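A.B. asks: Residue numbers (our numbering): 37 to 1250. A single structure is presented below for examination.
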C-alpha cells in the first residue's frame, strides 16, 4: 500500500499575471517581471508563498514534492519565530488556518508508512507539526490554538487513524516484506529519526495541553495521556534483551516518560487500569532499568554507558512518586519502592535491600542525577514509612543517613540544587518524633541520629546526638557563610576573562556589568574551564561554578560571621557508592573526573543560590521546633538573621516586574525573569516564616534585632509590588509571599509594638495609596486566596489595635504626643476609602463565612482609631443597619420562643446571639469617642433594641459582656445617651423617666447585684453605672430604688488586705463601689444621696488611707455645704485630710489640700477648728516642700498644690 496517492490538481492563476496580463502591452519591457522575479515576489509575500506550499502538497505526485513544500512551510514558521518580539504583518498560523492546512495533512497521518520513503516523509510531517504547535503562545491560549489542539487530539484518539501512537511500539516488527530490499542501516537511521521526532512532538503537545483552558481539549487530554502512557510502557518492556538494552531507543522512551509523568493526573484516565496499577507497572519497569543500568554495573563511575538512561529514569521515578502520593493519599505505597517486591530481585534480598539502590545515585557523576535522586528521597521521606525505610537502608554506611545528608549539604564543591534537596530530606526527618535520651530511644521503631565518641566512649542518641552533629559540623556557621556569598543574579555562566587579559581590570568590570546579559556567552570566546573536582553532566547544570571575582564583587559589604569553633581545614568527603571506603572512592572519583588545572590565577568557587537559602530557612524553622534554645543561641552567635535579611532584595523584584511588563521582551527571557522573580519571592516567604518562629520563641529577641530598622521598610515595600497582569503561577507565588509577610509584620507589631510599630506605620503612611491597591487585591475574592485574605485582615487588625493603644496612651498622658504618618492617613480621606472597602466585604458575607468575623474585626479596629472612618460609616448607614439587625434578631428570637420547643432551638438561639455579639462589637467601635455617631445611634433607638433583647442576653455571658461594653462606650461623656437608658420600656414606647423596673438602667442595676463577684459582667455593670450617674435622670432612679444602700453591706477587708489591693485599685466588689461613688459624689444631689447612708463618713475615712477612690469620694463630699459640718466634727476624717499633707505622693497632697480648702470656704466653724498651730505648721511645711519640688521640675499638679496651700494659709490668717 503506497502512502502517497495522487490527487486531482486544482488549477489557479498566478497573482501577478492575473493583475497585469491585460496591461502588459502598455508598459516598457524593462518594467515587466521575469519568471525569477515573479517567483521571488511570491516567496517574499507570505500569503502567496504559503498558498503555493499547501497547493503543492495537494497536487504532489511524489514524496519529494511534499517534503520540499513541508521544508518551506517550516522555514516560514522559523521566520515568524525569529521576528519576535516584533509581531509580523502576516502571521503564518493565521494564513495557514485560512488555507485549510489540516485537511491537507490529515491524509498523511491516517495510514502507517509502508516503506523507508514513507517513513522519511512522515518524519518531515511530524517535524512540521512540532514546529507549528511550538508557535502557539504558552502564556495565553487563543481559540485558534485550541482548535488546532482539538484537531490533532481527535486524530490521535481515533481508533481507525491513530497511526502515530502505534508507531511508538517499534518499527522493526511492522515492516512489510516489500521493504526488505532496503539497506538495514538506512532503515535503522530513518526509524530512529522518526521515533525521535514523535517523542518531541508528543512532548510539545503535552506542554500545550498544560496551558490550555479549553474544556474539550482538557477532556481529550486525559485519554491521550493514558494512551501515550500505555504505548510508552509497552516500548519500555520489549521482550528480548538485545532490544531492551538498545540505549538510543530506551533513552527516547524514557524522555517521553519524563514529559508525560510531569503532568499531574496522567495516570487517572486509563479505562483498563486503575491509577495505582498503572503507576505500579511504571515503577516496576523503571526500577528494572535502574537495576540493569546502574546498580548491577556499580553505577556509571567506570563508563558513560547508560548515563542518559539513568538520568531520565530517575527523573521519571521522581515524577512517579508525586503521582503515587496524589493517587494514594490514604495508602502506604512506600514498600513498593524496595527491590524484590515487584519481581526485580528475589523477595529475600528485597527485604534487605530496601531503598539502598537510591543511595549510590546521590553521589553520581552527573549532578542532575544527584539532584533528581535526592529529590526522590525527599518525596519518599515526606511519609513516615519512607523515613523509616530510608534510615534502615543506610545502617551499613558510615555516619548513617544523617551523616550522609550533612556530608552532602556541607560539601562546598557541590551545586546548590543538590544541596537543597539534601536539606529537604533533613527537614522531613525532623518531623519524625525524636527521643530526648537513650531510654526513650529504646521504644522507637526507626533509626535516630547517633553519635559515638571513641575517646571518651560516650554515645548520644536522638536530640542530643542531633545537637552534637550540628555543632561538630559547624552547620550554622556554614549557613551564615552561604548567605553572605549568595548570588541573586539571573544567569550564572562562567564570567572568567580570557587568560591573556586577566590583568585588565576594565575587562573584568565589563564582564561583571553584563552578568545578566543572556548574549554574553556568544559575544566572546568562552573562558577556560576551572577544575572544581568533578565534571558537569549537561549544559543546564553549568550554573554553579563562577570565578572568585564574581563572588567578591557581588557582595562588597559582606557581613563578618563569628563562630564558636573554626571550620576544619579538611572537609569530609562525600559518601560514595555503597561497599567502598570514603578514601578509595574519593580518590577514584578525582582521578576520573578531574582535569589538569590551567594556571589562570583564579580559584573556582561554587555559588550559593537563593533556592538553597530558602531550603536552609525551612530547616532552621524545623530545628526551632525540636531544639528551640540551642537553635536560637546558635543563630544569635553566628548572626544568621542579619545576614539572611541582607539577601532580601525588593529592588530586584521591582526590576523583574518592570521587565515582565515590557512589551518587547522575548519569551525565553520572560521565563528567566519570571523564574528569578519567583525565586526571590520564595526566599522572602521562607525567611519571614523563620523570623516569625524566632519572634514567637523569644519575645525579647525583637529588641535585640537592630537589622529590623532596615528590614521592616523592605517588608512593607514587598507589599507594594505591582503584581497586576501576572500569570496564574506567578500570582500564586506573590500570594504566598504576601501572606507570610503580612503574618510576620502582624506578629512583630503584636509582640513588640514599641520596636516595630513606628517603622511599619511610617512605611505604610509614606506609600498608603499603593498599599491600598495591594489591599484591594488581597480582599478580592476572585484573585486572592483564603490564606492571603485572612493574613491581610489580621495585619490590619493588629496595626490598628496598636494605633488605638497609642492614641489612648496620649489621652491619658498629657506629656506624650503620639504622631505618625499613619495617624495622619487615618484622619484623612484614605480612611473613608478603606472603610468603604471593608464595609463592602463585610456586607456580602454570611455569618457562616469564616472571613466575616475577620472582616468585622478589621473594621472594628479601623473605626476605633479613625474618626474619619466612623463618620463615613455613619453616613453609609452602618449604625442604622446594625440597630435594624438587632431589631430583626429580636423578632426571630421572639418567634422561636413562642413555638413548641425543639432540639434545634438552642442551636438557632446560639447563632442569633453570636450575630448580636458581632453587631455589638461593631457598634462599640463606631461610637467610640464620637458624639455625632452617638446621636445617630440614639435616633435609631439603640437602647430600646438592647432592652428588648435583654432576656436572651441573660442566657449568654459572652454576648452580655459585648453588649455591656457597647453601653459603656455609648454612655461615656454623653448625658443624652445616659438619659436614653432611663426611658426604655418593654412595650417599645418610651415610658416615664422614673417608671419602676421599666428601663434598661433598672435591668443593669439588678444584674450588678446578681452577677458573681469579680466576674467580667459585674465589673462592666459598675462601669456602666459609673457613666450613668452623670445624668440627673439616672441619679433619680438610683435614689428611688435605694441602690447605694447596698454599699454598706459590702465586706470591708482588713488593713493589710486593703494595702495589698490599693495599688491598682483592685477588681473586687469594694473597688467597684468606690469608683462608682467617686462619680456619684461629683454632683450635689449625688453627695446628698451618699450622706444619707449612716456611717458612710467613718467608713470612707477608714478606707481613704489605702483606697485612692475612697479618698477622692471623701474629697468630693467636702465641697457639699451640708457635709462640711459633719466632716469638721469628725476627728478621724480631719486626721485623714491632714495626714495627706505629709504624703510623699504629689497627687495625695493635692487631694488633701484641695479638700481642706473646700472645707474652709465659707465655713467659720472649720476655720476655728483648723487655726491651731499644729495645723498651720503642717501647712507651712507642705508649702515649703512644694516650692522646693517646683524648683526642680515644673508640673501642673505642683502649681495647683501651691495654690491650695497658699489659699489655706491666707484663710487661716484671716
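Glycine included, each C-beta is placed from N, C-alpha and C at the ideal position. Owing to the predicted nature of the structure, the values given are computational and were not obtained by experimental measurement.
Since residue 496 is in the beta strand (DSSP E), which residue starts that stretch and which ends it?
C.D. replies: Within the chain shown, residue 496 is the residue found at index 460, counting from 1. Looking at the DSSP string, the run of the beta strand (DSSP E) that includes residue 496 is 495 to 497.
A.B. asks: Take the Cβ of residue 1081 as the centre, count every other Cβ of all protein chains shown within 10 Å, and call the residue buried at 16 or more, exposed below.
C.D. replies: Locating residue 1081 in the chain shown gives position 1045, counting from the first residue. Exposed is the call here.
A.B. asks: In terms of alpha-carbon separation, which member of 153, 926, 1005 lies closest to residue 980?
C.D. replies: For the purposes of this step, residue 980 is taken as residue 944 along the chain shown, with counting starting at 1. The shortest Cα separation from residue 980 among 153, 926, 1005 belongs to 926.
A.B. asks: Do you know how far the Cα of residue 1087 is from the Cα of residue 1045?
C.D. replies: Within the chain shown, residue 1045 is the residue found at index 1009, counting from 1. Within the chain shown, residue 1087 is the residue found at index 1051, counting from 1. Each residue's Cα considered, the two are about 14 Å apart.
A.B. asks: Just the C-alpha distance for residue 687 and residue 826, rounded to the nearest angstrom, thanks.
C.D. replies: Position 651 of the chain shown, counted from the start, is the residue given in the question as residue 687. Position 790 of the chain shown, counted from the start, is the residue given in the question as residue 826. Approximately 27 Å, taken between the alpha carbons.
A.B. asks: Please list the terminal residues of the continuous alpha helix (DSSP H) segment that includes residue 972.
C.D. replies: As a working mapping, residue 972 is identified with position 936 in the chain shown. Per DSSP, residue 972 belongs to the alpha helix (DSSP H) from 967 to 975.
A.B. asks: Tell me, please, which residues DSSP counts as bridged to residue 81.
C.D. replies: As a first step, residue 81 must be located in the chain shown, where it is residue number 45. None, per the DSSP bridge assignment.
A.B. asks: Which first and last residues belong to the alpha helix (DSSP H) in which residue 488 is found?
C.D. replies: Residue 488 sits at position 452 when you count from the first residue of the chain shown. Taken as a continuous stretch (DSSP letters only), residue 488 belongs to no alpha helix (DSSP H), being part of the beta strand (DSSP E) at 486 to 488.
A.B. asks: From the DSSP output, in three-state form, read off residue 744 for me.
C.D. replies: For the purposes of this step, residue 744 is identified with residue 708 of the chain shown, where counting begins at 1. Of the three classes helix, strand and coil, the one that applies to residue 744 here is helix, per DSSP.
A.B. asks: Going straight from the alpha carbon of residue 786 to that of residue 800, what length do you get?
C.D. replies: Numbered from 1 along the chain shown, position 750 holds the residue referred to as residue 786. Numbered from 1 along the chain shown, position 764 holds the residue referred to as residue 800. Roughly 16 Å between the two C-alpha positions.
A.B. asks: Does DSSP put residue 952 in a helix, a strand or coil?
C.D. replies: Along the chain shown, read from residue 1 onward, the residue named residue 952 stands at position 916. Of the three classes helix, strand and coil, the one that applies to residue 952 here is helix, per DSSP.
A.B. asks: Buried or exposed, going by whether 16 or more other CB atoms sit within 10 Å of the CB of residue 402?
C.D. replies: One-based indexing of the chain shown puts residue 402 at position 366. Result: buried.
A.B. asks: Pairs of beta-carbons, one from the segment 1119 to 1131 and one from the segment 1166 to 1175, closer than 8 Å: are there three or more?
C.D. replies: No, they do not touch.
A.B. asks: Taking only the alpha-carbon atoms, compute the straight-line gap between residue 734 and residue 1078 and give it to the nearest angstrom.
C.D. replies: Residue mapping note: residue 734 aligns to position 698 of the chain shown, counting from 1. Residue mapping note: residue 1078 aligns to position 1042 of the chain shown, counting from 1. Distance between the alpha carbons of residue 734 and residue 1078: 54 Å.
A.B. asks: Looking only at C-alpha atoms, which of 719, 718, 696 sits nearest to residue 708?
C.D. replies: Here residue 708 refers to the residue found at position 672 when the chain shown is read from its first residue. Of 719, 718, 696, the residue nearest in Cα terms is 696.
A.B. asks: Does the structure place the segment 800 to 815 close enough to the segment 738 to 747 that three or more beta carbon pairs sit under 8 Å?
C.D. replies: Touching, no.
A.B. asks: For residue 1208, name the three-state secondary structure that DSSP assigns.
C.D. replies: Taking the chain shown and counting its residues from 1, the one referred to as residue 1208 is at position 1172. Coil, per DSSP.
A.B. asks: Where does residue 522 fall in DSSP's three states?
C.D. replies: Taking the chain shown and counting its residues from 1, one reaches residue 522 at position 486. DSSP places residue 522 in strand when its eight states are reduced to three.
A.B. asks: Under the three-state reduction of DSSP, which class applies to residue 1066: helix, strand or coil?
C.D. replies: Reading the chain shown from its first residue, position 1030 is the one you call residue 1066. Residue 1066: coil per DSSP, three-state reduction.
A.B. asks: In whole angstroms, give me the CA-to-CA distance for residue 923 and residue 960.
C.D. replies: Stepping through the chain shown from its first residue, residue 923 is reached at position 887. Stepping through the chain shown from its first residue, residue 960 is reached at position 924. Near 17 Å, if we compare the C-alpha coordinates of residue 960 and residue 923.
A.B. asks: Does the beta-carbon distance from residue 883 to residue 958 come in below 8 Å?
C.D. replies: The count along the chain shown starts at 1 and reaches residue 883 at position 847. The count along the chain shown starts at 1 and reaches residue 958 at position 922. In this structure, residue 958 does not lie closer than 8 Å to residue 883 by Cβ.
A.B. asks: Going by beta-carbon coordinates alone, are residue 969 and residue 915 separated by less than 8 Å?
C.D. replies: Here residue 969 is taken as the residue at index 933 of the chain shown, counted from 1. Here residue 915 is taken as the residue at index 879 of the chain shown, counted from 1. For residue 969 and residue 915, yes; Cβs fall inside 8 Å.
A.B. asks: Which of the three DSSP states, helix, strand or coil, is assigned to residue 1221?
C.D. replies: Counting from 1 along the chain shown, the entry for residue 1221 is found at position 1185. Here residue 1221 sits in helix by DSSP.
A.B. asks: Report the three-state DSSP secondary structure of residue 777 (helix, strand or coil).
C.D. replies: On the chain shown, residue 777 is found 741 positions in, with the first residue counted as 1. Residue 777 falls in the helix class under three-state DSSP.
A.B. asks: So, helix, strand or coil for residue 1088, using DSSP?
C.D. replies: Numbered from its first residue, the chain shown carries residue 1088 at position 1052. If DSSP states are grouped into helix, strand and coil, residue 1088 belongs with coil.
A.B. asks: Nearest to residue 873 by CA position, among 1063, 1248, 898, 795, is which residue?
C.D. replies: Stepping through the chain shown from its first residue, residue 873 is reached at position 837. When each option's Cα is compared against that of residue 873, the closest is 898.
A.B. asks: Which of the three DSSP states, helix, strand or coil, is assigned to residue 644?
C.D. replies: Residue mapping note: residue 644 aligns to position 608 of the chain shown, counting from 1. In the structure shown, residue 644 sits in a strand (DSSP, three-state: E or B).
A.B. asks: Taking 8 Å as the threshold (C-beta atoms), are residue 226 and residue 159 in contact?
C.D. replies: On the chain shown, residue 159 is found 123 positions in, with the first residue counted as 1. On the chain shown, residue 226 is found 190 positions in, with the first residue counted as 1. Yes, Cβ-Cβ distance for residue 159 and residue 226 is below 8 Å.
A.B. asks: Out of 1036, 1239, 1214, which one is the CA nearest neighbour of residue 1226?
C.D. replies: In the chain shown, residue 1226 corresponds to position 1190, counting from 1. Out of 1036, 1239, 1214, 1239 has the C-alpha closest to the C-alpha of residue 1226.
A.B. asks: According to DSSP, is residue 249 helix, strand or coil?
C.D. replies: The residue you call residue 249 lines up with position 213 of the chain shown. Residue 249 falls in the coil class under three-state DSSP.
A.B. asks: Hey, residue 1211 and residue 1174: beta-carbon distance below 8 Å or not?
C.D. replies: Taking the first residue of the chain shown as position 1, residue 1211 is located at position 1175. Taking the first residue of the chain shown as position 1, residue 1174 is located at position 1138. Contact: yes.
A.B. asks: What's the gap between the Cα of residue 774 and the Cα of residue 243?
C.D. replies: Taking the first residue of the chain shown as 1, we reach residue 774 at position 738. Taking the first residue of the chain shown as 1, we reach residue 243 at position 207. So the alpha carbons of these two residues sit roughly 29 Å apart.
A.B. asks: Between residue 716 and residue 753, what straight-line distance do the alpha-carbon atoms span, to the nearest angstrom?
C.D. replies: Translated into the one-based positions of the chain shown, residue 716 becomes position 680. Translated into the one-based positions of the chain shown, residue 753 becomes position 717. Going by the C-alpha atoms only, they are around 14 Å apart.
A.B. asks: Alpha carbons only, please: which of 837, 829, 835, 148 is nearest the one belonging to residue 888?
C.D. replies: One-based indexing of the chain shown puts residue 888 at position 852. Comparing Cα-Cα distances from residue 888 to each of 837, 829, 835, 148, the minimum goes to 829.
A.B. asks: How do the segment 471 to 481 and the segment 663 to 672 stand: do at least 3 beta-carbon pairs fall below 8 Å, yes or no?
C.D. replies: No: the two stretches stay apart, fewer than three of their Cβ pairs being nearer than 8 Å.
A.B. asks: With a 10 Å radius around its C-beta and 16 neighbouring C-beta atoms as the bar for buried, classify residue 934 as buried or exposed.
C.D. replies: Mapped onto the chain shown, residue 934 falls at position 898. With fewer than 16 Cβ atoms within 10 Å of its Cβ, residue 934 is classed as exposed.
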